[in-house]
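J.: If you read the sequences in order, they're chains A and B. The numbering used here numbers the first residue of the first sequence as 1 and each following residue consecutively. The numbering used here numbers the first residue of the second sequence as 1 and each following residue consecutively. Virtual Cβ for every residue (Gly too), placed ideally from N, Cα, C. One structure follows; several queries about it will come next.
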Amino acid sequence: MRYPISFLRERILSLLPALVLASLPYAGYSQTDSTAVDTNPPESKERPFVTLNPTDQVPQVRAIIPMDGANVFFLNHRGQIGAAKFSPGLSQIGWDLYSEIKLNALPSLALGPNYSILTASENELTQAFDSDKNAQLDFFQALLQDWPGRGKGVTITAGPVADQWGRIILALSPGSLNEGQPARARLVAWHPEHKKLVTVTESELLIDAFAINRDGLVASRLHMADYKDGYFVSLTDLPSFDSKQPDASPDPMPFTLPSLVIPAELTKNDPPVQLCFAHEGGKEKLLLPCPKSKHLIEILPEKLGNIWQGSILLRGKTERPVESIVEMSSGVILGGGSEGFVPLSGLSEPYRIMRITLAKDGVILFFNRSIDRFEGSKPENYSVKAIALNGGETTLAVVPVIESDGKAVILKTNAISAGTVLRVVCQNLPSEKGETLLSSAAFYTVHRR
Amino acid sequence: MFDVIPTDITLDSNPGYSASPFPAMVPATSAFLKISVLAGGMLLACPVLPGQDAPPPQATSSPPVSIPVKLDISRRSLKNFLTDEAALSPYRSPDGTIGELTGLFMIGSGSVPYAVFWDSLSCRLLGVLDITRPGEAESVAPLPPSGGDETVKTAPSPYVLKASGPAQFSGPTGSPATPVYFGFRLIDGKPEFLYTSGPLAVEERIWLEEGGTLLKQRFSVRDAAKGFRILLPAEWKERVAVSAGTWKNETLTVPAEAAGEVILTYRLTDREPEPAVSN
């Protein structure tokens, strides 16, 4: 269906975010099927109601960037940028294209000022503007086309992602900048006020995707094609940005190392594609979707000294494939994939392992429901293996102790050494209501005790 | 059907990015726009100088009513289809290999059998593909041997236009400069590529007309006090009509007075064969 241009303009203007809306949430929202009516008082400066017709078309979403708690821009599978609006429960109200140009864009978007959008292809960082303010992007400026190693085949592999200092971070493929130096992948920072591109971390492995939290923690998914048993995620603290020395490279240069391994058995051998920091229950989590298996992986990062480790869990299985995840507001999580947008919060949560922590004499498993105490007290219902990061594995004998609320089990074991991945399996551990665990396996990467 | 909340904010309003450390970056369109407006309508007749070819056909004289085609614009990576050494030069890596076309624009339309390619690395029109013709790999097929005389028949290239030769754009002295791509914008749905070539700031607009049978290429150049030159592949010249400038071989020289707007019109269809004369 084609709409008159003026109508489309009104539609998309209605989709665009209004910070005013944050203070006037859903004033005037009406769920009637009647014709749109301007109910504003004559002296109101508000725009008239705009009617959105439902459409059968579902956007095939590859990347999302929230504008506020109710509106997002997204990138579809054709490389077009769209805008979508949601209700508080993340029901989709409507969507429309913000640009019909099909960009050769990597699956990541960053938001610039005045509703401009930043995208990156392998060879260009582009900022798209709506310069004539008709709610369609019409000006696409190549912000960056050159970087260290560009002439030797170094390309952009992931990004753009904005950090808390207003810089745009991009991942570059491994390249050797000087003769004899090892090839390294890089995260580089671009700032509109500074001419020099600054390397902020280096990595031996190509960076497929990355996310940055509000504190400057970078979570990267590292590419290791030959390793089939799992997928590496690294956590690296970005060096602080000194506005007085904007072009200075960090010294020492942080080096991105594989911090955590997501075992392939948790994803059904489907590589996680993107990463998103989210906040629930006062804790920061990392969510990674696996679009083919529809598994959603959750990592609970923990920092010991300057080392990151943590639990790696199956959070859920989505009904539709999810490629991209964003946190719209704290704890409100939206996904998107080849079958449209997928709300990922506010849903009934399956019975699952919520967290693993290390104890002095073993590990503690936390569940979101009380477990069946009879089954939970049997040692044979648990299996704990310590898989050394450099090869080999040890099976640990366990003695389970159930906490009073029934939602935690302490598995007392022999000493767990550093440099291992713990694989904990609860073979037969129903909830007290008889529910089956979403995944009987959960993992914890131990770098330090 | 849903009613959406009214908003009192539009794109005209400050969207509240003042808190963002990412400063507003206004695209540098104004300068380009200004020069277009100033230079528009200043096309002057250019006398034929000694040694120059006859004046080109004037595409803008008695302009026919022509309907632009709604364009589909995409950026794609494509295997490099160029074959001319000079045209391939910007894509040759230090080890001599030819890179893909990674900054390619593909311009077409669902109703048009042509795909137009423009590349942001060399900042030039690379070619026009007739999508109804077989690809080059399948267009050359050996004929079955007949009496020991093996012949090879070459089918016409699917490319109606394919770039050859060095960079198309040069200053009045004719020395080409390495172009630097700036970006593109949409003017009435037509892509206009912005780049610099030495001291010249170039706007190059591409679109299709007449049901896609005509390709239009509009140049508007500022800082061209002494005019500029466009070098076209020899095979393109027979298909093109220009609105201004004078030809010398394959080089179109555009005087400063016409630098604000020069339109090249390419005929994408083959000419009807002239009827045979019989006595």
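(1) Can you tell me the Cα-Cα spacing of A:Ser99 and A:Leu222, whole angstroms?
(2) Among residues of its own chain, excluding the 5 on either side of B:Ser77, which ones have a beta-carbon nearer than 6 Å to its beta-carbon?
(3) How is B:Lys237 classed by DSSP in three states: helix, strand or coil?
(4) With a cut-off of 8 Å on the beta carbons, I'd call A:Lys385 and A:Arg355 a contact; round off their distance for me.
(5) Whose Cβ in chain A lies nearer than 9 Å to the Cβ of B:Ser93?
(6) According to DSSP, what are the bridge partners of A:Ile169?
(7) What residue ranges within the segment 191 to 274 of chain B form continuous alpha helix (DSSP H) runs of no fewer than 4 residues, ordered along the chain?
(8) By Cβ distance below 8 Å, which residues in the same chain neighbour A:His194 in space, the five residues on each side in sequence not counted?
(9) So, with DSSP's three-state summary, where would you put B:Tyr91?
(10) At least one CB of chain B closer than 8 Å to the CB of A:Lys196: is that the case?
(11) Leaving out five residues before and five after B:Thr132 in sequence, what residues of the same chain have Cβ atoms less than 7 Å from its Cβ?
(12) For A:Ala415, tell me which candidate among A:Gly362, A:Asn390, A:Val401, A:Gly434 has the shortest Cα-Cα distance.
(13) With a threshold of 16 other CB atoms inside 10 Å of the CB of A:Val399, please say whether the residue is buried or exposed.
(14) Where are the alpha helix (DSSP H) runs, 4 residues long or more, that stay fully inside the segment 54 to 105 of chain A, in chain order?
(15) Residues of the segment 73 to 93 of chain B in Cβ contact with chain A at a cutoff of 9 Å, in chain order, please.
(16) In whole angstroms, what is the alpha-carbon distance linking A:Ile307 and A:Val446?
(17) Helix, strand or coil: how does DSSP classify B:Ser62 here?
(18) Which residues mark the beginning and the end of the beta strand (DSSP E) in which A:Thr267 is found?
(19) Using CA atoms only, rank isn't needed, just tell me which of A:Asn71, A:Gln57, A:Arg62 is closest to A:Ser329.
(20) Can you give me the C-alpha to C-alpha distance between A:Ile410 and A:Ala278, rounded to a whole angstrom?
(21) Take B:Arg75 and list the residues in its own chain whose beta-carbon comes closer than 8 Å to its own, dropping the five residues that flank it on each side.
(22) Given a limit of 8 Å on CB to CB distance, which residues of the segment 61 to 82 of chain A reach chain C?
(23) Using 8 Å for Cβ pairs, my map puts A:Leu275 next to A:Leu286. What's the rounded Cβ distance?
(24) Assign A:Lys385 to one of three DSSP states: helix, strand, or coil.
(25) For A:Ser249, which residues of its own chain have a beta-carbon under 7 Å away from its beta-carbon, when the five flanking residues on both sides are left out?
(26) Apply the 10 Å Cβ neighbour rule to A:Asn123 and answer buried if 16 or more other Cβ atoms are within range, or exposed otherwise.
(27) Is A:Lys152 helix, strand or coil when you go by DSSP?
(28) For the segment 95 to 119 of chain A, list every residue whose C-beta sits within 7 Å of some C-beta in chain B, in sequence order.
(29) Could you tell me whether the Cβ of B:Arg222 comes closer than 8 Å to any Cβ of chain A?
(30) In chain order, what residues of the same chain have a beta carbon less than 7 Å from the beta carbon of A:Ser431, not counting five sequence neighbours either side?
(31) State the Cα-Cα distance for the pair A:Ile353 and A:Gly282, rounded to the nearest angstrom.
(32) So, at 6 Å on beta carbons, what are the nonlocal neighbours of B:Phe193 in its own chain, with the 5 sequence-adjacent residues on each side left out?
(33) To the nearest angstrom, how far is the alpha carbon of A:Ala158 from that of A:Arg150?
(34) Strictly by DSSP, which residues pair up with A:Met253?
(35) Since I believe B:Ile206 is in contact with B:Lys226 (beta carbons under 8 Å), could you give me their beta-carbon distance rounded to a whole number of angstroms?
(36) Can you check which of these residues, B:Arg222, B:Val242, B:Asp223, is closest to B:Leu231 by C-alpha distance?
T.: Let's see:
(1) 31 Å
(2) Glu100, Thr102
(3) helix
(4) With a beta-carbon spacing of about 19 Å, A:Lys385 and A:Arg355 fall beyond the 8 Å limit used to define contacts.
(5) Neighbours of B:Ser93 on chain A, chain order: Gly151, Lys152, Gly153.
(6) Per DSSP, the beta bridge partners of A:Ile169 are A:Val161, A:Ala189.
(7) 234 to 237
(8) Pro246, Asp247
(9) helix
(10) No, A:Lys196 does not count as interfacial toward chain B.
(11) Only Pro113 meet the Cβ criterion.
(12) A:Gly362
(13) exposed
(14) none
(15) Under the 9 Å Cβ criterion, the segment 73 to 93 of chain B contributes Ile73, Ser74, Arg75, Arg76, Ser77, Ser93.
(16) Each residue's alpha carbon lies about 10 Å from the other.
(17) Any reading at B:Ser62 needs caution, since the residue's pLDDT is 48, under 50, leaving its predicted position unreliable; the model's value is listed next. If DSSP states are grouped into helix, strand and coil, B:Ser62 belongs with coil.
(18) A:Thr267 -> not in any beta strand (DSSP E); alpha helix (DSSP H) instead, spanning 264 to 267.
(19) A:Asn71
(20) Rounded to whole angstroms, A:Ile410 and A:Ala278 show a C-alpha spacing of 27 Å.
(21) Gly103, Leu104, Phe105, Met106
(22) Reference to chain C is not applicable here, since the protein chains of this structure are A and B.
(23) About 6 Å separates the two Cβ atoms, so the contact holds.
(24) Note: A:Lys385 maps to strand in three-state DSSP.
(25) Excluding sequence neighbours, A:Ser249 sits near Val198, Thr199.
(26) buried
(27) helix
(28) Ile101, Lys102, Leu103, Asn104, Gly112, Pro113, Asn114, Tyr115
(29) Interface flag for B:Arg222 against chain A is unset, since no Cβ pair is found closer than 8 Å.
(30) Cβ neighbours of A:Ser431 beyond the five flanking positions: Tyr351, Arg369, Ser370, Ile371, Asp372.
(31) Each residue's alpha carbon lies about 17 Å from the other.
(32) Taken in chain order, the residues that qualify are Phe184, Glu204.
(33) Computed Cα separation, rounded: 15 Å.
(34) Answer is none; A:Met253 lacks a bridge partner.
(35) Their Cβ separation, rounded to whole angstroms, is 26 Å, which puts B:Lys226 and B:Ile206 out of contact at 8 Å.
(36) B:Val242
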